[in-house]
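Working notes, structure below.
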Amino acid sequence: MDDLVNALLNGSRRAVARLLTWVSDESPQASPILTALFPHTGKAWVIGITGAPGTGKSSLVNCLAKAYRAQNLLVGIIAVDPTSPFTGGAILGDRIRMRDLSGDSGVFIRSMATRGSLGGLARTTRDAIRVLDAAGFDIILVETVGAGQSEVDIVRTAHTTLVIEAPGLGDEVQAIKAGILEIADVLVVNKADRPGAHKTVSALRMMLDIGHPASRTQMTAHHGQLLEVKTPETPHSDEPIWIPPVLETIATDEKGVAELVSAIQKHREFIQSQGLSAPLERQRIEIELHERLREALIQQLLESTSPEYVMDVINQVQNRQLDPQSAVTKILANHKQMVS
Amino acid sequence: MKKNIRILIAKPGLDGHDRGAKVIARALRDAGFEVIYTGLRQTPEMIAEAALQEDVDVVGLSILSGAHMALVPKIREVMDSHELGDVPIILGGIIPDEDKPALEAMGVRGIFGPGTNTEVIVSKIHAMMGDASA
Ligand SMILES: Nc1nc2c(ncn2[C@@H]2O[C@H](COP(=O)(O)OP(=O)(O)OP(=O)(O)O)[C@@H](O)[C@H]2O)c(=O)[nH]1
Ligand SMILES: [Mg+2]
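These protein sequence lines are chains A and B, in that order. All residue numbers for the first sequence refer to the numbering used here, where the first residue is 1 and numbers rise by one. All residue numbers for the second sequence refer to the numbering used here, where the first residue is 1001 and numbers rise by one.
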């Protein structure tokens, strides 16, 4: 184990690759290593890239990685694609748009399947980020599935979240629906070579003008509330707010990339200069612990409860002898009895 | 917990058709594999690099150009130099019988002609992985 940890801390790509596999498989071998690596994490800046399918996320990741490499920064990339709920298989195709990065040992690209997780990332993506962080990557780009509606995982994981839009039918409405204003630190209208790009930009700007929600950073500063990602509130007028800029890019021509990099840098500086890094990290930790605790508790509960018992309770609910909430109370009481 | 089998499907060489490779990629996904698909015109270096970063269990090559006797040894060599000597290669394409022994000697573990039933490919991969469910 120490060998692998040392190899990883010394930047061995084979070690990074193997550990990412163990992490994604939730293999028992992974946890002592993650424990050993944890003190070495917390240095990378994690950038989330989300947005509807086909808007150009992977193409932009390719551009951003090149830009950061030009600054001599090491770039780790995690690209998440969905696992088929029917077969458990997945096609991970984001690398197709990242071929410019091949042959550069300062870049490491890893594809991940969601494996049943619904929030846009895999359950193990956070730990995968830590592996890359400990291995010394300065910038970690995380491309989400891009399902649109429930991309909440990424804001709970990334330091800066980019939401990618593309011009096209119904964007304005879609944007409101998906609540992207709440999750975006930077809004990008990619495919600006296509008709309608300016319209999309002005629609987004207008929405920001009308109803910009109190930023997440504000919310954290005031409450640090568990599991709340958005709480539109009247911000105190004396506190600076981050208003997400709206940028146009053409990923296929690498247009607008310098501006995007500088917008990300401004966001990073805003977070750091306002003393928000620590409270935001606290919030992420709180959310992660909460999630892990919930899973561990359910696991424990199911281990101490026989499947027959659960089946029986399900039958009682189906027969209308027991309502669902009483069923839960009953299972919990049974669990307490079993473990005492 | 069952380990997820990860396969790289790559299309080396200069010919511009990846329909066959895509069909295989989908069939393998439907069989429950995680398929890393990298697209057309992959150099041996790109294939080895992707196999390493993605820590795949198998590398599947689709070669329809007839250049397999030039491409496969080169890819095997670059993979070996990336410490990927233990990662098996399987090959899809139009491969004349007389080439097969040489390819197998290079460590190609499965050769599948056009129109091979995907179930054959799937069970071959399971067998290679030592999976009892095959
Ligand atoms: N015209 C135009 N096409 C683009 C641009 N950026 C990306 N594309 C094309 O849009 C398609 C999708 O790009 P991707 O980068 O794969 O998009 P994605 O959001 O990663 O897609 P998924 O991961 O499948 O959700 C590709 O064919 C790209 O070449 C752009 O700025 N202009
Ligand atoms: Mg993509």
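We put the CB at the ideal spot given by N, CA and C, even for glycine.
Practice problem: Report all residues from its chain with a CB closer than 6 Å to the CB of Arg1029/B; omit the five preceding and five following residues, and keep chain order. | Solution: Counting from one through the second sequence, the residue named residue 1029/B turns up at place 29. Correct list, in chain order: Val1035.
Quiz prompt | Selected residue, minimal CA-CA separation from Val152/A, among Gly146/A, Gly119/A, Asp133/A, Ala258/A | solution = As a position in the first sequence, residue 152/A is number 152, starting the count at 1. Considering only alpha carbons, the answer is Gly119/A.
Quiz item: Just to check, is the beta-carbon of Asp193/A closer than 7 Å to a non-hydrogen atom of ligand 1?
Solution: The count along the first sequence starts at 1 and reaches residue 193/A at position 193. Yes, the beta carbon of Asp193/A sits closer than 7 Å to at least one heavy atom of ligand 1.
Quiz item: Going along chain A in order, which residues have a C-beta closer than 9 Å to the C-beta of Glu1045/B?
Solution: Here residue 1045/B refers to the residue found at position 45 of the second sequence. Chain A residues near Glu1045/B: Ser102, Gly103.
Exercise. Run down chain A in chain order and give the residues with a C-beta less than 7 Å from the C-beta of Val1058/B.
Key: The residue you call residue 1058/B lines up with position 58 of the second sequence. Near Val1058/B there are no residues of chain A at all, since even the closest Cβ is about 14 Å away, more than 7 Å.
Practice problem: Taking all protein chains shown into account, decide if Phe137/A is buried (16 or more other Cβ within 10 angstroms of its Cβ) or exposed. | Solution: For the purposes of this step, residue 137/A is taken as residue 137 along the first sequence, with counting starting at 1. The residue is buried, with at least 16 neighbouring Cβ atoms inside 10 Å.
Exercise. Any chance you could list the residues with Cβ under 5 Å from a heavy atom of ligand 2, keeping chain order?
Key: Lys57/A, Ser58/A, Asp94/A
Practice problem: Mind checking which residues open and close the alpha helix (DSSP H) that includes Gly1020/B? | Solution: For this step, residue 1020/B is matched to residue 20 along the second sequence. Unbroken alpha helix (DSSP H) run through Gly1020/B: 1019-1030.
Quiz prompt | Distance cut-off 7 Å: Ala197/A Cβ against heavy atoms of ligand 1 | solution = If you number the first sequence from 1, residue 197/A lands on position 197. Flag unset: Cβ of Ala197/A not near ligand 1.
Quiz item: For Phe108/A, does the count of other Cβ atoms within 10 angstroms reach 16, so buried, or fall short, so exposed?
Solution: Locating residue 108/A in the first sequence gives position 108, counting from the first residue. Phe108/A is buried by the Cβ-count criterion.
Practice problem: Within its chain, find whatever has a CB closer than 8 Å to the CB of Pro85/A; leave out the 5 residues flanking it on each side and keep chain order. | Solution: For the purposes of this step, residue 85/A is taken as the residue at position 85 of the first sequence. Hits under 8 Å: Gly116.
Self-check item: Which of helix, strand or coil DSSP assigns to Phe270/A
Solution: Position 270 of the first sequence, counting from 1, holds the residue named residue 270/A. In this structure, Phe270/A counts as helix in the three-state DSSP scheme.
Quiz item: Pro53/A: beta carbon under 7 Å from a heavy atom of ligand 1?
Solution: Here the question's residue 53/A lines up with position 53 in the first sequence. Under cutoff, so the answer is yes.
Self-check item: Distance cut-off 7 Å: Ile250/A Cβ against heavy atoms of ligand 1
Solution: Counting from one through the first sequence, the residue named residue 250/A turns up at place 250. Correct: Ile250/A has its Cβ closer than 7 Å to ligand 1.
Quiz item: Does the beta carbon of Val1120/B sit closer than 8 Å to a beta carbon anywhere in chain A?
Solution: By 1-based counting over the second sequence, the position of residue 1120/B is 120. No, Val1120/B does not count as interfacial toward chain A.
Quiz item: Quick one, which of Ile33/A, Phe270/A, Thr200/A has its alpha-carbon nearest Leu247/A's?
Solution: To locate residue 247/A, count along the first sequence from 1; it is residue 247. Closest by alpha carbon: Thr200/A.
Quiz item: For the beta strand (DSSP E) that Ala134/A lies in, which residues bound it at each end?
Solution: For the purposes of this step, residue 134/A is taken as the residue at position 134 of the first sequence. Ala134/A -> not in any beta strand (DSSP E); alpha helix (DSSP H) instead, spanning 125-134.
Self-check item: Residues that Asp3/A bridges to, as DSSP identifies them
Solution: Along the first sequence, read from residue 1 onward, the residue named residue 3/A stands at position 3. None, per the DSSP bridge assignment.
Self-check item: Nearest-angstrom Cα separation, counted from Lys1022/B out to Pro32/A
Solution: Residue 32/A sits at position 32 when you count from the first residue of the first sequence. Residue 1022/B sits at position 22 when you count from the first residue of the second sequence. Going by the C-alpha atoms only, they are around 39 Å apart.
Practice problem: Take the Cβ of Gly1092/B as the centre, count every other Cβ of all protein chains shown within 10 Å, and call the residue buried at 16 or more, exposed below. | Solution: Looking up residue 1092/B in the second sequence gives position 92. By the neighbour-count rule (16 or more Cβ atoms within 10 Å), Gly1092/B is buried.
Quiz item: Is Leu187/A buried or exposed, if buried means 16 or more other CB atoms sit within 10 Å of its CB?
Solution: For the purposes of this step, residue 187/A is taken as the residue at position 187 of the first sequence. By the 10 Å Cβ count, Leu187/A comes out buried.
Quiz item: Taking buried to mean at least 16 other C-beta atoms within 10 Å of its own C-beta, is Asp81/A buried or exposed?
Solution: As a working mapping, residue 81/A is identified with position 81 in the first sequence. Buried, since its Cβ has 16 or more Cβ neighbours within 10 Å.
Self-check item: Rounded separation between Leu227/A and Ile287/A - CA only
Solution: Here residue 227/A refers to the residue found at position 227 of the first sequence. Here residue 287/A refers to the residue found at position 287 of the first sequence. Confidence at Leu227/A is low in this model, with a pLDDT of 43, below 50, so the placement of that residue is unreliable and no value is reported for it.
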